[in-house]
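First comes the structure, then the notes that go with it.
Residue numbers (the working numbering), protein chains in the order written: chain B, 10 to 139; chain D, 10 to 139.
Given below as structure tokens:
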């Protein structure tokens, strides 16, 4: 079961997250992403060819800091592992995210031939600032 | 010379940054921080005993994503190295940061015996979303 504070940060508001992975040379990578969750997992939607999916397939350890966009002092630092990545429903998922974050029916930034992927992240530890 | 877009993001508004480092076991670490810059370096103020300073002293490679707090789609992803860390003026610096971010003369979250440190980060590459 997901920590309730983390679940709410991921689902209730248009909150962003910083997601950190490790590059092939061992250096860190970070990007700001949209975030989603269910009762067990955190979901991050990305696209093939970016650093994140390549990094996560090589080393699935991930750090995610989810912060309240209206109050950046409210945040959760989650460590976990990417347990699955899938193209299935990833297109539908990015459109749902566009609805949540932008109020649009369709994700407006998609590129032709872009392949969306959803990473499923299992939280293993949480440090909270409430 | 610092990239002007990055410099402005770091100095003109109360923008936050996500800073990623690598843990001793090679897993990623990320936290949301206040940010500062001059014409050459990015500055991050932290405290002894936290993960960041220990990580950066072992492996000084760092990824910093600086985002506009009012428009999270405006951001700069910087890769660089922590070229120096110092206690000198770190107390004064955290008070200046408290002034910038909270409008307070004094940093309100200091703990007794806490040792502040400023990390000086040299940007090496920048990916911008403007």
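Glycine is no exception: its CB is placed at the ideal position from the N, C-alpha and C atoms.
Fair warning: this is a prediction, and the values are worked out from it, not measured in the lab.
Taking a beta-carbon distance threshold of 8 Å, residue 15 of chain D does not count as an interface residue toward chain B.
Between the region 17-24 of chain D and the region 119-126 of chain B there are fewer than three inter-stretch CB-CB distances shorter than 8 Å, so the stretches are not counted as touching. Three or more pairs of CB atoms, one per stretch, sit closer than 8 Å, so the region 69-82 of chain B contacts the region 36-53 of chain D. At a beta-carbon threshold of 7 Å, the residues of chain B lying near residue 81 of chain D are 25, 41, 78, ordered along the chain. If you look at residue 86 of chain B, you'll find it in the beta strand (DSSP E) that goes 80-95. If you ignore the 5 residues before and after residue 115 of chain D, its C-beta comes within less than 6 Å of the C-beta of 104, all in its own chain and listed in chain order. Cβ atoms of residue 50 of chain B and residue 137 of chain B stay farther apart than 8 Å, at about 18 Å.
The alpha-carbon separation between residue 129 of chain D and residue 68 of chain D amounts to approximately 14 Å. For residue 105 of chain D, the enclosing alpha helix (DSSP H) starts and ends at 99-111. Burial is judged here by how many other beta carbons sit within 10 angstroms of a residue's own beta carbon; residue 92 of chain D has fewer than 16 and is exposed.
Within the region 56-76 of chain D, 68, 70, 71, 72, 73, 74, 76 place their CB atoms closer than 8 Å to a CB of chain B, listed in sequence order. The C-beta of residue 102 of chain B has 16 or more other C-beta atoms within 10 Å across all chains shown, which makes the residue buried. Here residue 24 of chain D is buried, its C-beta having at least 16 other C-beta atoms within 10 Å. Taking 7 Å as the cut-off between beta carbons, none of the residues of the region 100-114 of chain D comes near chain B.
In this structure, residue 81 of chain B places its C-beta atom within 8 Å of the C-beta atom of residue 78 of chain D. Nearest CB-CB separation between residue 30 of chain B and chain D: below the 8 Å threshold.
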